[in-house]
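Enquirer: Submitted below is the structure of interest, expressed as structure tokens.
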Amino acid sequence: MTQRRAELLRILSTLNFVSTSQDTSFERALALMLLQRRGRTEWITLKKGTESDLSLSDLSWVPDKWWKLITGDQQRKAPEQLSRRQFEVCVCTQMVRELKSGDLCVTGANVYSDYRDELVPLTECAETRDTYGQEVGLPLETDAFIEHVQDLLITAAQKADNFYPDNPFFQIINGRPKLATLKKKPIPDGFKALDAAVGKKLNKLGLSLLDIISDTTQWLHWDKHIGPLSGHKGKLKKSTRRKIITTFAYATGLGPMQTSRTIADISARQISFVDQRQVTTEKLEAATVDIINGYNQFQLPRYWGETKRAAADGTQWNLYENNLLSERHIRYGGYGGIAYYHVSDTYIALFSHFIPCGAWEAIYILDGLTKNKSNIQPDILHGDTQAQSAPVYGLAFLLGIKLMPRVRNWKDLKWFKATPDEIYQHIETLFSKEVIDWALISCHLPDMLQVAQSIRAGRLSPSTILRKLGTASRKNKLYFAFRELGRVIRTLFLLEYIGDDELRRVIQAAQNKCEGFNQFTQWVHFGADKITDNVRDEQLKVIKYNHLVANLVIFHNCQTLTQVLKELEAEGMVLTPELLATFSPYRTHHINRFGLSEVKERHPPPASYDIKF
């Protein structure tokens, strides 16, 4: 901070910081710091009745460990002077916390604006509450809601307690819960022979990535979304060919220059022209929605999973170190950002983000469902340990979304009873002695529903509010209310988790599919080991390009698998649901990525949406 002190304070002085509550003590402290920013003395003298005056209550936000450093006194009493450097560091540190928790906002900002301005008015929420309750399947009158949630918790706990003696997968040993490791299901008989026959037929197709992009363009016409930003009809010659090549160039990481060397009769300037003048992230998202909707018409994905389920997971994409988004990831190593995907249980990716490495993934887990505009609309969401927190459970419940993540340290989480009077014969030791504050939930239920209804109405994104709810704050009562409700919903999930081994298999399988898609996107992006652009919007566009082409390959694989399997069935091979469920559209061995390429005049047969097995 010392090296960039002048620049930082100059930036802060141009912004207008406003408290989002009645407590404006930090505002006054921040104003004093900026007023004294040009001072040179080691200590700031506080003069009563002037602008350089702070009372004891104005410094109530200062943590105990900072008090002596700032005032030079152990006791909390009205100070007469403040250590300039320590005070500046303390204020800037607290400012970060207050911005994160939503206690402080910046007038006119995007990310750190006052989220309350985006909420649907409480009067309007009250008028539409009955309709909203029917949509999410919850009674939303306060007393009825509390009774409903308590009944859910009591029923789930009693069911788990009754099933405990007959549960072969769950034990409590010396007060510690233990789940048996799931055994891998055997591969169905005949799969290896069938897979070899499928691979042989696929290899004969001689497909390249450009062939796949070209074929899917004819089937889905996804390229119609790419065109002049004005909305007028494009006038480029061979526009479809240029759109295909541009998509290929940026999705694979080859870029305009290398792609122009690989494909004849096109220059790097022609490729970059289409990208800069005709492509936006919104256009790529619209094209991706068309692909998902087309994929959802196939019969084969019904054997692979349920459209009501999706999983979320992230993977690191490397960036240059000198970059506003780039951060060092402790687990992956190296500098970069996180591409965060929501993948349907049927393997197709529904939505993609690009977020900082240091962001808690749970903040963004609900965005993928609320922003998903495709025909596949899941209401059960899986994730890993980073995809959950108590406030996220609470918000997801009010949105009608069932959050069921794979939690690494589930044994160390606190479990809660509906009431302290409930006593269970077998699972009593699981529960914490702490009790749920139902009065807090009841008091703030209208505020929590206002947030949920605003998200449902499209006025607010889940990540915007979860960013505020991700930090505990003495002034953020909404955080504590969502956390309290989330503790109840998390306990409900854990009680179901320990009693249903098939649920654990489903969660594990969903996460494996999501992790498989992460690897699949890296396979598509074979032309570079990092995103070479330092502009945030262009980085996101690369993720969207890559997501688009990955989904095109998945669609094409589903189409070719459907045809090949139907041919093999006609040749006498037996296809059972178990055999069909073992296949995946993430196959890559039959696709050529390298060497000279060209956009061929191909005439593929129509997409086989109606073929059944």
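Under my numbering, the letters of the sequence shown match residues 69 to 681, in that order.
We treat Cβ as the ideally placed atom computed from N, Cα and C, and that holds for glycine.
1) Measure the beta-carbon distance from Phe585 to Val411 and round it to whole angstroms, keeping in mind my assumption that it falls under 8 angstroms.
2) What are the start and end residues of the beta strand (DSSP E) that includes Cys173?
3) Which of the three DSSP states, helix, strand or coil, is assigned to Glu119?
4) Which partner residues of Ala378 appear in the DSSP bridge assignment?
5) For Asn544 versus Asp171, is the C-beta distance shorter than 9 angstroms?
6) Could you compute how far the alpha carbon of His578 sits from the alpha carbon of Glu639?
7) Would you mind working out which of Lys246, Arg165, Lys253, Asp132 sits nearest Ala649, comparing C-alpha positions?
8) Out of Val632, Met101, Lys668, which has the shortest C-alpha to C-alpha gap to Ala265?
9) From Asp333 to His289, what distance separates their C-alpha atoms?
10) Starting from Ile240, trace the beta strand (DSSP E) both ways and give me its first and last residue.
11) Would the segment 373-392 count as touching the segment 547-557 if we require 3 or more Cβ pairs under 8 angstroms?
12) Rounded to whole angstroms, what is the Cα-Cα separation between Leu643 and Asn230?
13) With distances taken from CA atoms, which of Leu471, Asp435, Lys246 is nearest Ile448?
14) Is Gly362 helix, strand or coil when you go by DSSP?
15) Within 10 Å of its beta-carbon, does Tyr565 have 16 or more other beta-carbons around it, so buried, or fewer, so exposed?
16) Specify the secondary structure class of Lys246 as computed by DSSP and reduced to three states.
17) Starting from Ala417, trace the beta strand (DSSP E) both ways and give me its first and last residue.
18) Write down the C-beta distance between Leu434 and Ile469 rounded to the nearest angstrom, noting that I regard them as a contact closer than 8 angstroms.
19) Which complete alpha helix (DSSP H) runs does the segment 589-667 hold, if anything under 4 residues is left out?
20) Would Leu297 be called buried (16 or more neighbouring beta carbons within 10 Å of its own) or exposed?
21) Entirely within the segment 448-481 and at least 3 residues each: give me those beta strand (DSSP E) ranges in chain order.
22) Can you check DSSP and say which residues form a bridge with Ser151?
23) So, with DSSP's three-state summary, where would you put Ala407?
24) Suppose the cutoff is 6 angstroms on Cβ atoms and the five residues either side in sequence are ignored; what does the same chain contact list for Pro147 look like?
25) Measure the alpha-carbon distance for Ala248 versus Ser652 and round it to whole angstroms.
26) Could you please give the first and the last residue of the uninterrupted alpha helix (DSSP H) stretch that includes Ser87?
27) Give a yes or no on contact between the segment 657-675 and the segment 349-360, applying the rule of three or more CB pairs nearer than 8 angstroms.
28) Assuming contact is defined by CB atoms lying nearer than 9 angstroms, are Ile599 and Val610 in contact in what I supplied?
29) In this structure, does DSSP put Glu395 in helix, strand or coil?
30) To the nearest angstrom, report how far apart Ile431 and Gly382 are at their CA atoms.
31) In terms of residue numbering, what span does the alpha helix (DSSP H) encompassing Arg329 cover?
32) Whose C-alpha, out of Trp591, Lys680, Arg604, Arg106, is nearest the C-alpha of Ala319?
33) By the 10 Å Cβ neighbour count, where 16 or more other Cβ atoms means buried, how is Asp234 classified, buried or exposed?
34) Three or more beta-carbon pairs under 8 angstroms between the segment 96-103 and the segment 152-161, yes or no?
35) Taking 9 angstroms as the CB-CB limit, is Met516 close to chain D?
36) Counting only runs of 4+ residues fully inside the segment 490-534, write out the alpha helix (DSSP H) ranges in chain order.
Expert: Per the coordinate set shown:
1) 5 angstroms
2) 172-174
3) coil
4) Ser412, Leu449
5) yes
6) First, the residue type needs correcting, since residue 578 is Ala and not His in the sequence shown. Using only the alpha carbons, I get a separation of about 33 angstroms.
7) Selection Lys246, Arg165, Lys253, Asp132 evaluated against Ala649 yields Lys253 as nearest (Cα-Cα).
8) Nearest option by C-alpha distance: Val632.
9) 23 angstroms
10) It spans 238-241 - the beta strand (DSSP E) in which Ile240 sits, taken as one unbroken run.
11) no
12) 41 angstroms
13) Leu471
14) Helix, per DSSP.
15) buried
16) In the structure shown, Lys246 sits in a strand (DSSP, three-state: E or B).
17) 417-424
18) 7 angstroms
19) Taking only runs of at least 4 residues, the alpha helix (DSSP H) segments lying wholly in the segment 589-667 are 604-638, 645-649.
20) Its Cβ having fewer than 16 others within 10 Å, Leu297 is exposed.
21) Unbroken beta strand (DSSP E) runs of no fewer than 3 residues, entirely contained in the segment 448-481, are found at 448-450, following chain order.
22) Trp111
23) Annotated three-state conformation of Ala407 is strand, per DSSP.
24) Thr139
25) 28 angstroms
26) Element bounds for Ser87: not the alpha helix (DSSP H) but the beta strand (DSSP E), 85-87.
27) no
28) yes
29) strand
30) 12 angstroms
31) 323-330
32) Trp591
33) By the C-beta density criterion, Asp234 is exposed, having fewer than 16 other C-beta atoms within 10 angstroms.
34) yes
35) As a matter of chain content, chain D is missing from the structure shown, which is built from one protein chain.
36) 506-524
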